[in-house]
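Enquirer: The structure is given below, and queries will be raised subsequently.
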Amino acid sequence: MKRFLSSILILGALLAITSCNDEETFSLSRADKLTFSTDTVSLDTLFSTTSSSTYQFWVYNLNRSGLRLANIRLAHGNQTGFRVNVNGTPLNGNNGFQASDMPIYHGDSLRVYVEATAPTTGATAPQAFTEDLVFTLESGVEQRVKLRAWAWDATHFNLLDVRHDTVIDSPSRPIVISKGIKVNEGATLTVKAGTTIYFNHSAGVDVFGRLVLVGEAGKEVLMRGSRLDKMFDYLPYDRVSGQWQGLHFHSSSYQNQLNYTDIHGCFDGIVCDSSDVSREKLRLEQVTVHNCQGDGVRLTNSKAILVNTQLTNTLGNCLVVDGGDVALNACTLAQFYPFDSNRGTALHIAAKHSLVNLMVRNSIVTGYANEQVEVSLSRLSTLAYRFAHCLLRASKTQSADSVNYTNVIYEVPTDTVSMGAKLFLKVDGNRQDYDFHLSKQAFAIGKADKTMVPSIDRDGKRRNTVPDLGAYAHH
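According to mature numbering (1 follows the signal peptide of the UniProt record, and there is no 0), the sequence shown holds residues -22 to -1, 1 to 453 in order.
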């Protein structure tokens, strides 16, 4: 009986709504107009021939009577690359890129979806392309919402398969990689200064041969995700981790060199597979690896040298050293990955492979948590690592370990003025906006060993006579 009564009530409500709609009067007054949630829909910048995300806006009837849309159309049909769907009705070739006789009852609304595919412009800089979405009421009133985006011509590769020595030199034209770059054994890929390579979500760089990135101060090589739009108004996708797959140096790969390079927004930033420790596998000089959804740099039984390098903000560890022969000088390892208490440490020294040597000089190792140096070594390897003239956010070691730590400053977690996040100019987790240059109150200023520190810093600027710890000199 209760179920029957409920059904009657629902049916009655539906009939009432239908009755109200049947009794709706539609205004022909030119004074009655539509209201829009925006007058312009901006779709940000798109690479030529690529499609945008879907944007939306609302059309409201705030009048006391219904309004009938005689016509909704794209002013230039299909000539500008925009696609529109009005309340489930696509404006396409089947209907002449328009919809007709669409009512909006008083107090009701329509949702409009907008996408675009960017045209090729022939220009170096991004070029605007626009369209008007025209709403014509039964009264003859015409209202418009402007659709706007920017097209940026790019060189597109699906899978770039490097079988012979190859040079990429493209400072004025972006390169977009859909499925990845593979550098085959015996081949060298060289990327020249000022080149930016954008990677789709499933794309990364697999190196079986050799990779050389020859950036310069002020003309860096940049590797990042391909999304140019925003997750939120305040958060571009370029600040979001996990946008592409990063760099993977396989066992057959040696003599890789990265200079003045910025790698950010990927899963694992750089991964080195186990190799012959007597041969140099990787050298990083003036390099940034930032905001990774995995590890920043993971070195497995490899010989690697890192100088003036910033490894920051990773869901995993900023740097993993699992065996091998590794040297760091004037590096900043800072673990301020936001919104996840399960984030790893700034430095993890693992024990799966034998550690020949790990030397860390003039470096900063810090982060949110109190323990940012994690050491998991067998007794035979405990003498193979050393920190000298470093600032560490870690518990002060016992006397048995003191041989591994010389002239080390241990951060005081309660110091919220000159240590931890306050070492740096900006640590804004909410907006994922960071600047790891030293702040004026940073405890790391003037603490480096001037006999061993590099003469320049991460930016290529000369260090002070009394040099600072970390990748950046304070000026």
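Ideal placement from N, C-alpha and C gives every residue a C-beta, glycine not left out.
Might you give, ordered along the chain, the residues of its own chain that have their beta carbon closer than 6 angstroms to the beta carbon of residue 486, omitting 5 neighbours on each side?
Expert: Nothing can be reported for residue 486, as the shown portion of the chain is limited to -22 through 453.
Enquirer: Measure the C-alpha to C-alpha separation of ALA329 and GLY66 and round it to an integer number of angstroms.
Expert: ALA329 and GLY66: Cα-Cα distance of roughly 58 angstroms.
Enquirer: Do GLY274 and GLY243 come within 9 angstroms of each other at the CB atom, strictly closer than that value?
Expert: Cβ atoms of GLY243 and GLY274: not closer than 9 angstroms.
Enquirer: Let me know the secondary structure DSSP gives VAL351 once reduced to three states.
Expert: The answer is strand: DSSP assigns VAL351 an E or B state.
Enquirer: Give me the Cα-Cα distance between SER377 and VAL390, rounded to the nearest whole angstrom.
Expert: With a pLDDT of only 49 at SER377, under the threshold of 50, the placement of this residue in the model should not be trusted, and no figure is reported.
Enquirer: In the DSSP assignment, what residue or residues form a beta bridge with ASN237?
Expert: Bridge partners of ASN237: VAL192, GLU263.
Enquirer: Please determine, among THR3, LEU115, TYR33, the residue with the shortest C-alpha to C-alpha distance to ASN49.
Expert: Taking only the C-alpha atoms, the option nearest ASN49 is LEU115.
Enquirer: When DSSP builds the beta bridges, which residues end up paired with ASP147?
Expert: None; ASP147 has no bridge partner.
Enquirer: Taking buried to mean at least 16 other C-beta atoms within 10 Å of its own C-beta, is ASP435 buried or exposed?
Expert: Label assigned to ASP435: buried.
Enquirer: Can you tell which of LEU213, GLY302, MET430, ASN335 has its C-alpha closest to the C-alpha of GLN410?
Expert: Checked all of LEU213, GLY302, MET430, ASN335; the closest Cα to GLN410 is LEU213.
Enquirer: Pull up the distance between the alpha-carbon of GLY448 and that of ASN286, whole angstroms please.
Expert: Taking the straight line from one Cα to the other gives about 7 angstroms.
Enquirer: Less than 9 angstroms between the beta carbons of ASP184 and ILE159, yes or no?
Expert: Yes, they are a contact pair.
Enquirer: From the DSSP output, in three-state form, read off SER380 for me.
Expert: SER380: helix per DSSP, three-state reduction.
Enquirer: Among GLU198, MET201, ARG217, LEU200, which has the Cα closest to the Cα of ASP207?
Expert: Per the Cα distances, ARG217.
Enquirer: Which of helix, strand or coil does DSSP assign to ASN73?
Expert: ASN73: helix per DSSP, three-state reduction.
Enquirer: Give a yes or no on whether the C-beta atoms belonging to HIS268 and ASP246 are separated by under 9 angstroms.
Expert: No. Outside cutoff.
Enquirer: Using a Cβ-Cβ cutoff of less than 6 angstroms, which residues in the same chain neighbour VAL169 once the five nearest sequence positions on both sides are dropped?
Expert: So the list reads ILE146, LEU191, VAL199, once near-sequence residues are dropped.
Enquirer: Can ALA96 and THR27 be called in contact, C-beta distance under 9 angstroms?
Expert: The answer is yes: Cβ separation under 9 angstroms.
Enquirer: Let me confirm a value: GLY59 is counted as buried when at least 16 other C-beta atoms fall within 10 Å, else exposed. Which label applies?
Expert: Buried: at least 16 other Cβ atoms inside 10 Å.
Enquirer: Check TYR388 in the structure and name its three-state DSSP category.
Expert: Three-state DSSP puts TYR388 in a strand.
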